[in-house]
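Reviewing the structure listed below.
Numbering (UniProt numbering), first residue to last: 1 to 227.
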């Protein structure tokens with residue numbers, strides 16, 4: 001079943017909604033749910049609008065599933081034994097429900113602006129009520145309703161990328177490092193450019209300075225004789 005659900009803005013990883021099934025300190029197969037919450041938030045920070053639209057990320061006995069739509073990230077956590085197809089059907093419903101609620105509240109032409117200008121975390125937390133209802137619907141993967149959903153779903157789940165949580169988080173660290181190295185290279189190139197200009201000016205002085213000095217000297221002599 002979905003153990004936690006995050007909805008976040010893809011542009012800056014701002015959490016818009018957070019919903020949890022278990023209470024604080026609950027453990028999932030020996031691991032603290034708080035650990036998975038932290039991993040989920042870190043995972044979201046590695047994503048943006050150009051990331052893979054759908055992906056499953058394994059973490060120990062559990063698995064994160066996410067989809068990105070309209071620059072919004074929808075992420076959930078389930079046990080690895082939970083059907084992946086059902087997890088993405090759940091996310092699809094969360095996505096549609098979130099947009100429907102925003103459209104009702106702000107209008108079809110305004111809800112995206114509300115998302116882009118949201119200034120504080122969990123600004124749309126009232127959507128948690130909808131999520132809690134959907135979690136109950138997806139609680140038992142073997143229920144008749146969910147079995148019917150799986151039978152009706154024609155999506156090719158095999159095409160969805162699968163990764164490991166450490167690979168993703170480590171890649172995020174490497175990308176941050178690459179960004180820092182790139183920034184350092186830009187700064188160094190600016191210093192080199194300035195140094196090159198100084199050297200060029202110095203070379204010009206060395207080449208033409210004596211000639212200019214002699215010219216000035218003769219002008220001074222002519223001026224002194226005439227006046």
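Quick reminder that beta carbons are idealized off the backbone N, C-alpha and C, glycines included. From a predicted model like this one, the values you see are computed outputs, not experimental measurements.
Residue environment analysis places residue 119 among the exposed positions, since fewer than 16 neighbouring C-beta atoms fall within 10 angstroms of its C-beta. Straight-line measurement puts the Cα of residue 153 at about 21 Å from the Cα of residue 98. In the structure shown, residue 18 falls within a strand segment according to DSSP collapsed to helix, strand and coil. Around the C-beta of residue 2, 16 or more other C-beta atoms lie within 10 Å, and the residue is accordingly described as buried. Going by beta carbons, residue 49 and residue 68 fall inside the 8 Å limit. Close CB contacts of residue 4 within its chain, under the 6 Å cut and outside five residues either way in sequence, are with 20, 77 (chain order). Counting C-beta pairs closer than 8 Å gives three or more between the segment 55-73 and the segment 88-97, which meets the contact rule. In terms of Cα proximity to residue 74, the closest of 161, 150, 160, 44 is 44. Residue 65 holds the alpha-carbon nearest to the alpha-carbon of residue 6 among 52, 65, 149.
Checking the DSSP bridge columns, you'll see residue 72 partnered with 9, 69. If you draw a straight line from the Cα of residue 42 to the Cα of residue 169, it is about 7 Å long.
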